[in-house]
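As they're listed, the protein sequences go chains A and B.
Under this note's numbering, the first residue of the first sequence carries the number 280, and numbering increases by one thereafter.
Under this note's numbering, the first residue of the second sequence carries the number -12, and numbering increases by one thereafter.
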Amino acid sequence: MSAYVAKRLATAIATLVLASMVVFAVLEILPGDPARLMLGMNASADQLQLLRDQMGLNAPLPWRYLHWAGGLLSLDFGRSYTYSVPVIDLVRERLAVSLPLALIALALSTVIAIPVGLFSAGRRGRAGDTLAMGTAQLGVAIPNFWFALMLIYVFAVWLRLVPAGGFPGWSAGAWQALRSLLLPALALALPQAAILARVTRSALIEVLNEDYIRTARAKGLPYRAVLWRHALRNAMIPVLTILGLQFAFLLAGTIIIENVFYLPGLGRLVFQAITQRDLIVVESVVMLLVAAVIAVNLIVDLSYAIIDPRLRNRQ
Amino acid sequence: MSLLEIKNLSLSIGDAPILREVELSVASGEVVGLVGESGSGKSMTALTLMRLLPYAARATGRVTFDGIDILAAREDQMCALRGADIGMVFQEPMTALNPVKTIGEQVAEGIRWHTKVTRAEAEERARKMLDRVGLPEAEFPLSRYPHQLSGGQRQRVVIAIACALKPKLLIADEPTTALDVVLQAQILDLLRDLVAESRMGLLLISHDLAVVTEMADRITILRHGEVMESGDTARTLSEQLHPYTRQLAQASMHVPERARPHGGAAGQPLLQVDGVTRDYPGRRVSLFSRAPDTRAVDNVSLSMAPGQSVALVGRSGCGKSTLARMILALDRPSSGTIRFRGETITGKRQAELKPVRRDMQVVFQDPYGSFDPRQKVERLVAEPLHVLDKKLSRAERREMVAHALHEVGLDQRDLDKYPHEFSGGQRQRLSIARAIITRPKLIVADEPVSALDVSIRAQILDLFAELNRRHGIAYLFITHDLTVARAISDEVLVMHCGKIVERGKTSEVLGHPRSDAARALVAAAPDLRVAIARRLREQG
C-alpha cells in the first residue's frame, strides 16, 4: 500500500512541476508586453525599460521561472498588472465563491446521480429505467445557462425563495451566502448529475453481469442487497474517475453560470484577466487549477486503492 | 419422497425453447449426475432450481424441493432457501468471488443473513467452514482477498460459502472444469466427504462422463434440453442402451486411428531444446530490494523428430505454457538454446524469425477468444501468410484459405462468414486451418480440445491425427488432460515445478509412471473405463 501511495505522490509532484514549466513557457511565448500594457501606448522607451527591470522581465528565462515557482510555493503569486494588488488576494476572494460553489454542485450531483444510477440499473430495460435515462439524456442535452434561467424564473422570480443573482459575501452570514449559491450550484449540478447517473448505471450493469453477483444471489441475498453490497463498490471506479473530472470542470468551467448569476467567481476573474492581458493573474489561476486537478486525481487514485484491494500491492 | 423432484419441466427464454419436459430427482445423501454437451440445458436446469433465471425466461412444470413448490414460491421464500437449504457452486472459481471483499466477509455474509447471528459469531462459523474445506487459519486468515488465492483455493472458498449453512441440496455446476486434474480430484473428494457428513443431496453437473461416473449414484443424460436416458450410473454406462449414451461414452474414450507411431527417429531432430531456463524477476519489495526471481522453467532439454507427436503434461503453473512460448519464440529464455530444424532461434530478431514462424504454428485453447470477431474468416485464416516470402495476390490468397478450410473439413462457403457464425468445434477447426495454411512442420497446441465437448473433441483429435498422417506435421501438445495425451501422442514429457521429471513412450509413462509427479497425475486423472469397472465391482 505504501509503495502505491509513494508512487502516486511522486507522479503527482512530477506532473505539477512539468505543468508549471509548460504554463510559464506558454505565457512567455504569447505576444503582448505587460509593461507596455501598464504604461499605455505613449510611454517612452526609457520608462518601459525601467518598468521591465522593476518587474524582473529582463532577467534570463530559467532564473525568472525559478523566481516565479519559488514565489508560488510561498503563496506569493506576484502583483496583478491591472489591479496592482497581490494576486493571492484576488484569488482568495474569488475562491471563497468558486470553491463552495463547486463543492455544493459536486455533492448535489453525487447525491442525485448515484441513487438514480442504482434505480435504473436495478430496473434495467423496464419503464422506470427508460424514464430515468430519458430524463438524464435531456439533462445532458439542455445547456446549463438555459436551465439556470429557468431556475431563476421558478425559484427567484415566481416563488421568491432565493435571490436571482449576486453574492452578498460571507460577511453577510453563512446562510445568506449559501442561499445565493444554491441555484447556481443546482444549475451546475444537474447536467453533471445526468452524466454521472448514466455512468453509474452502465458501470453497475456491467458489474451485475459478473459471476460473483450470481454467487451473492445464490447465498440468498435479495436483489437489492446484492446491488448495494456487492455491485456498487465494484462499480465505483469509473464513477470516481468521472467525479474527479467533473470537480475540475466545476472549479473553473463555470464562467457562463457565474455570469448568469452575477457571481464574482474564478471563471470571471480569468476571463477578465485574459481580456486585459493581466498575464500574471492568468498564470496564477491556471497554476492553481492545475494543482487542484492534480490533487483531485491523486485523491481519486488513492480511493481506487481503498476500493479495490488488487491495486494496493501493484506498483 | 425425494428431496428434489422435477416433473415435466419446460423452459423457454423469449421464443427459444431451452428445456423440454425434464424429469429428475435427488434424494438426501444421494449424488445425481447431470450430463450433457454445451447448450444441452444443464446450467439452465440448475438456475431454474435456484430461480436465478434470466429476466425473459419462462418455466412451466413442477419443481418440488422439500415440499416447497419452487416455481410458485415468492421471491422472499426463495431468498430464504438459497444459501440456506440449497447451495450452489459454479464453474469459474476465478470470477465467482467478489474481488473487493475478503474471503471472511464473503463466507460470513450468508451465515449472518440467514441466521441473524452477530458478526463475531458468523466469522467464527466462517472460520470453521474454511478449515473444513482445507483452508487452515495459519495460511488463510479471514482477511485474505480472492486475488491472493489460486484457482483451486478459490473454489474451496466458493464451496465453503455454499455449504456454510449445511444445505440439504448442493448444486455443483461444472465445479472442477477450470482446474487441473490433481486439484479436480481434491475438490471431488471434498464434495464427496461433505455429502457423506451431512447426508446432503448433490446434483453434479458436468460434461465429463468420467467425473460423473466416479461421483454419481444415478445419472441423467441431457441433450438439446431433453432427457435422453436416466438411471443407475454403472448400469446406464455399461449397458449403453440409448444410442446417445453410447455415442457420448465412446467419444469420451475415443482414440484416433494413427499411422505407426513415430519413435525418436534417427537423422536431424526437428526441434531441439538445450538447457533452457526462464526466470521472472521477483517483485520489488522496497526501493533497494526485490524478492528472489521466480524460475518458471528450469534447465529443460528435449528433442522432437519430424512427424512426431509429443505431449507435454503437468499441473497448472508447472511452466509448460512458458516453455511453449519460448519454443514459439514469443518469449526469450534466460539461458539455454532452442534449435528448430538445426537453426538456433534463441536471440534472433523478429525479421530473421520469419522462415521459422512459417514452419512452426500454434493452436490455442480458447476458440472463442483467439479470433477478432469483426473480421471475416478469409482474413482470419490468412493471417499467417504474411510470413511467406512471396507477396500473394488476392485470388491466390483466397485459394489458399479455401484449401486450408477444405483440409479441416470446412466449406468454401465459410470464407465470407464471421467467427460468431460457427460453433465451438468449427471455430477450433478454423484455428487449425489458420495454423496449417503455411504448411508448417510443427504445430504447438496449448490445450487444444479442453474447451470442447466430448464428441467434438473426438472429431478434432481425428483431424489432428489425419493431418499428421497426410502432411507429416509434428505436434507438441500442451495439456493437463491425460486422455488427450493417451489418445494422440507418441511420447510424453511430464513437467513439474519447471523441470521435466519424466519422459518416455506414452503407454509406458502413463501406464507405469515412476516419478511422484507423474504418479499423482495418473492417479487423479478420471478414466471412464476404470470408473465404470470400479462402480460395477463395488455394486457386485
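Backbone N, C-alpha and C fix where the C-beta goes; we use that ideal spot for every residue, glycine too.
| Query | Result |
| --- | --- |
| K492/B - containing beta strand (DSSP E), residue span | K486 to K492 |
| Cα-Cα separation between L258/B and A505/B, rounded to whole angstroms | 24 Å |
| Chain-order list of residues whose beta-carbon lies under 8 Å from that of L177/B (same chain, five-residue window excluded) | V120, G121, R143 and I146 |
| Within chain B, the residues that G407/A reaches when beta carbons sit closer than 7 Å | Within chain B, no residue comes near G407/A; the closest Cβ sits about 14 Å away, beyond 7 Å. |
| Distance between S(-1)/B and L382/A (C-alpha atoms, nearest Å) | 51 Å |
| Close-in-space but distant-in-sequence residues of the same chain around K486/B (CB under 6 Å, 5 per side omitted) | D285 |
| CA nearest to the CA of S388/A, picked from W342/A, Q471/A and P339/A | Q471/A |
| Three-way DSSP call (helix, strand, coil) for S25/B in this model | coil |
| 8 Å contact criterion, which S193/B and R205/B should meet: CB distance rounded | Their Cβ separation, rounded to whole angstroms, is 14 Å, which puts S193/B and R205/B out of contact at 8 Å. |
| Delimiting residues of the beta strand (DSSP E) encompassing V300/B | S296 to V300 |
| Which listed residue (V374/B, I475/B, M313/B and Q352/B) has its alpha carbon closest to that of T333/B | M313/B |
| Cut-off 7 Å between Cβ atoms - residues of its own chain near V509/B, not counting five sequence neighbours on either side | L469, L497 and P500 |
| Residues near M623/A in its chain [Cβ-Cβ closer than 7 Å; skip 5 each side] | Residue 623/A lies beyond the residue range present for chain A, which begins at 280 and ends at 594; the question has no answer from this structure. |
| Three-state class that DSSP yields for L(-2)/B in the structure shown | strand |
| Extent of the continuous beta strand (DSSP E) to which G262/B belongs | L258 to Y267 |
| Own chain residues within Cβ distance below 6 Å of Q555/A, not counting five before or after | T361 |
| Through-space distance from G294/B to A461/B, alpha-carbon basis | 4 Å |
| Close-in-space but distant-in-sequence residues of the same chain around P279/B (CB under 8 Å, 5 per side omitted) | G269 |
| Through-space distance from I492/A to T409/A, alpha-carbon basis | 23 Å |
| Environment of H373/B [buried if 16+ CB atoms lie within 10 Å] | exposed |
| C-beta contact flag for S563/A and V376/A at 7 Å | no |
| Any chain A beta carbon closer than 7 Å to E79/B | yes |
| For M202/B and D219/B, the rounded distance between their alpha carbons | 12 Å |
| Close Cβ partners of R490/B (< 6 Å) along its chain, the five nearest in sequence each way excluded | L480 |
| Residues of the segment 568 to 586 of chain A with Cβ closer than 8 Å to any Cβ of chain B, in chain order | I586 |
| Neighbour list for A83/B in chain A, Cβ cutoff strictly below 7 Å | D490, Y491 and T494 |
| Cβ pair count under 8 Å reaching 3, the segment 300 to 307 of chain B against the segment 336 to 343 of chain B | no |
| Where M537/B meets chain A, residues with beta-carbon distance less than 7 Å | The structure shown does not extend to residue 537/B, since chain B is modelled only from -12 through 527, so no value can be given for it. |
| Top-ranked residue by Cα proximity to L558/A, from K286/A, V305/A, R458/A and L483/A | V305/A |
| Own chain partners of N576/A with C-beta closer than 8 Å, once the 5 adjacent residues on each side are dropped | A291 and G523 |
| Chain A within 7 Å of R131/B, Cβ atoms only | no |
| Beta-carbon proximity list for R49/B, same chain, < 8 Å, skipping 5 on both sides | E(-8), I(-7), K(-6), N(-5), L(-4), D56 and L58 |
| Distance CB(L457/A)-CB(L529/A) smaller than 7 Å | no |
| Alpha-carbon spacing of L310/B relative to G74/B, whole angstroms | 40 Å |
| Listed by chain order, chain A residues near V87/B by CB distance under 7 Å | R512, N513, I586, D587 and P588 |
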